[in-house]
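Visitor: In the working numbering, the protein residues as written are 382 to 801.
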């Protein structure tokens with residue numbers, strides 16, 4: 382792998398570890414200072430709403446500027462905001478309004494980071510190594526997802542919540558330095574009105590049946606998954622022995638992610654997206670295991686199987702985007718992908734309690750497992766999803782599956798996105 386990719390890997394690995402410290406520290410800090418679940422929920426909602434508001438704009442600027450510059454600016458802002466949160470709790474003062482304001486600043490900057498990183502990744506390695514690079518990052522994120530919370534819990538318990546925030550702030554600083562050292566340059570054309578650029582990105586999605594189908598299917602998938610993620614800790618607490626069961630299941634999910642990412646590094650089928658979509662329904666095995674047979678061992682096995690399928694699909698999806706969406710639109714297309722996830726998961730979270738009250742936990746989990754399976758199969762039903770093959774060429778050469786409709790007046794300012 383190239384020097385620039387190694388820099389991205391180091392920076393992101395530290396940042397993903399830092400995020401785990403932030404999550405643990407925030408819950409401990411708010412609740413231990415008397416804020417309670419209401420305040421914690423408000424801060425989390427503020428974070429999600431800010432991400433929703435900023436993600437599409439982040440995609441536009443990722444395609445306008447050098448993506449690493451957007452990442453540097455985002456990390457700098459998040460460093461300052463997170464350091465401010467650490468200072469607030471370290472001095473013994475808890476102000477909900479200030480915490481929410483700093484959360485808005487941090488999440489707003491974060492909404493620009495993810496599309497920029499999606500735009501940067503394919504520039505760092507040759508086209509034939511993109512799948513391996515995506516799998517490497519996915520593997521690293523899975524490892525951090527297992528090691529981060531455990532390390533964060535020990536650190537916060539020993540040194541307090543401000544230490545957790547401080548470590549996260551330092552991780553943003555490390556990510557900033559790594560991104561600033563990346564030398565690759567992305568070709569950038571003249572800027573056009575923002576509405577036109579946003580419309581052009583949406584038109585790229587509409588012009589590819591596999592892309593539109595996967596975004597719509599993923600939205601449905603994430604709603605069901607949002608319901609499941611609220612209910613399964615309740616099952617673990619009530620039926621499986623409490624907190625230790627949650628820990629074992631989380632470890633199994635992480636192991637599954639590692640396996641799926643490792644498979645993504647080695648398994649290189651010609652129809653990669655098709656292979657990923659065939660693996661995606663395995664998540665329904667994980668959800669159903671909570672209902673039957675309902676034992677901790679069975680659920681852990683289901684978690685390994687399901688998350689292996691999910692993470693392999695993630696590798697296939699990222700690689701398919703990079704190989705088949707022209708790079709000048711990649712930030713905007715990725716921002717729509719992130720927006721679908723940010724919007725769908727909270728919707729599912731909010732639906733969990735009413736559905737469980739109405740139908741019971743087991744029936745709700747069964748219905749959600751059916752939705753997971755159906756959403757994946759529906760994506761497979763689209764011809765483009767089954768036929769998409771690896772190109773082995775720069776994404777700028779990729780063609781749409783069918784002609785895009787005539788552009789609106791605003792989009793006309795952008796010009797034809799498919800013209801070389």
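Just so you know, even glycine gets a beta-carbon here, dropped at the ideal spot from N, CA and C.
If you draw a straight line from the C-alpha of residue 624 to the C-alpha of residue 631, how long is it?
Guide: 11 Å
Visitor: So, at 6 Å on beta carbons, what are the nonlocal neighbours of residue 477 in its own chain, with the 5 sequence-adjacent residues on each side left out?
Guide: 420
Visitor: Are the region 697-713 and the region 509-521 in contact at 8 Å, needing three or more beta carbon pairs?
Guide: yes
Visitor: Could you spell out the range, first to last residue, of the alpha helix (DSSP H) harbouring residue 509?
Guide: Segment: none, residue 509 is in no alpha helix (DSSP H) and carries neither H nor E.
Visitor: Leaving out five residues before and five after residue 408 in sequence, what residues of the same chain have Cβ atoms less than 7 Å from its Cβ?
Guide: Taken in chain order, the residues that qualify are 421.
Visitor: Let me know if residue 484 comes out buried or exposed under the rule of 16 or more other beta-carbons within 10 Å of its beta-carbon.
Guide: Residue 484 counts as buried, since at least 16 other C-beta atoms from the protein chains shown sit within 10 angstroms of its C-beta.
Visitor: To the nearest angstrom, report how far apart residue 554 and residue 414 are at their CA atoms.
Guide: 27 Å
Visitor: Over the uninterrupted alpha helix (DSSP H) stretch that includes residue 762, give me the two end residues.
Guide: Premise fails: residue 762 is in no alpha helix (DSSP H) and is neither H nor E.
Visitor: If you count every other CB in all the chains shown that lies within 10 Å of the CB of residue 442, and 16 or more means buried, which is it?
Guide: buried
Visitor: For residue 698, report the span of its alpha helix (DSSP H) as first-last.
Guide: For residue 698, the uninterrupted alpha helix (DSSP H) segment begins and ends at 677-705.
Visitor: Would residue 500 and residue 439 be called neighbours here (beta carbons separated by less than 8 Å)?
Guide: no
Visitor: Just to confirm, is the Cβ distance from residue 437 to residue 621 under 8 Å?
Guide: no
Visitor: Whose C-beta lies closer than 6 Å to the C-beta of residue 397 among residues of the same chain, with five residues either side of it excluded?
Guide: 522 and 525
Visitor: At 4 residues or longer, and completely inside the region 418-478: list those alpha helix (DSSP H) runs for me, N to C.
Guide: 448-471
Visitor: What separation, rounded to the nearest whole angstrom, lies between the Cα atoms of residue 389 and residue 619?
Guide: 42 Å
Visitor: Apply the 10 Å Cβ neighbour rule to residue 547 and answer buried if 16 or more other Cβ atoms are within range, or exposed otherwise.
Guide: Residue 547 comes out buried.
Visitor: Once you ignore the five residues that flank residue 660 on each side, which residues in its own chain have a CB closer than 7 Å to its CB?
Guide: 690, 693 and 694
Visitor: Alpha carbon to alpha carbon, what distance is there between residue 663 and residue 737?
Guide: 23 Å
Visitor: To which residues of the same chain is residue 804 closer than 8 Å at the C-beta, ignoring the five residues directly before and after it?
Guide: The chain is shown only over 382 to 801; residue 804 falls outside these bounds and no answer can be derived.
Visitor: Please determine if the region 754-773 and the region 638-658 are in contact, where contact requires at least 3 C-beta pairs separated by less than 8 Å.
Guide: yes
Visitor: Three Cβ pairs or more, each shorter than 8 Å: is that satisfied between the region 601-621 and the region 744-752?
Guide: yes
Visitor: From residue 707 to residue 599, what does the alpha carbon distance come to, in whole angstroms?
Guide: Approximately 21 Å, taken between the alpha carbons.
Visitor: Report the option in 454, 683, 641 and 590 whose CA atom is closest to the CA atom of residue 766.
Guide: Selection 454, 683, 641 and 590 evaluated against residue 766 yields 590 as nearest (Cα-Cα).
Visitor: Would you mind sorting residue 731 into buried or exposed? The rule is 16 or more other CB atoms within 10 Å of its CB.
Guide: exposed
Visitor: Quick check on residue 728: buried or exposed, where buried means 16 or more other Cβ atoms within 10 Å of its Cβ?
Guide: exposed
Visitor: Whole angstroms is fine: what's the gap from residue 530's alpha carbon to residue 416's?
Guide: 22 Å
Visitor: Look at the alpha carbon of residue 465 and the alpha carbon of residue 557, and state the distance between them as a whole number of angstroms.
Guide: 17 Å
Visitor: Have a look at 649, 581, 429 and 592 and flag the residue whose alpha-carbon is nearest the alpha-carbon of residue 709.
Guide: 581
Visitor: Helix, strand or coil for residue 386? Go by DSSP, reduced to three states.
Guide: helix
Visitor: Candidates 672, 705 and 644: which alpha carbon is nearest residue 688's?
Guide: 644
Visitor: In terms of alpha-carbon separation, which member of 670, 671 and 684 lies closest to residue 641?
Guide: Nearest C-alpha to residue 641: 684.
Visitor: Can you tell me where the alpha helix (DSSP H) with residue 651 in it begins and where it stops?
Guide: Careful: residue 651 lies outside any alpha helix (DSSP H) and carries neither H nor E.
Visitor: From which residue to which residue does the alpha helix (DSSP H) around residue 719 run?
Guide: It spans 708-740 - the alpha helix (DSSP H) in which residue 719 sits, taken as one unbroken run.
Visitor: Judging by CA-CA distance, which residue of 672, 686, 406 and 764 is the nearest neighbour of residue 538?
Guide: 406
Visitor: Go through its chain and collect everything with a Cβ distance to residue 458's Cβ below 6 Å, but skip five positions before and after it.
Guide: 490
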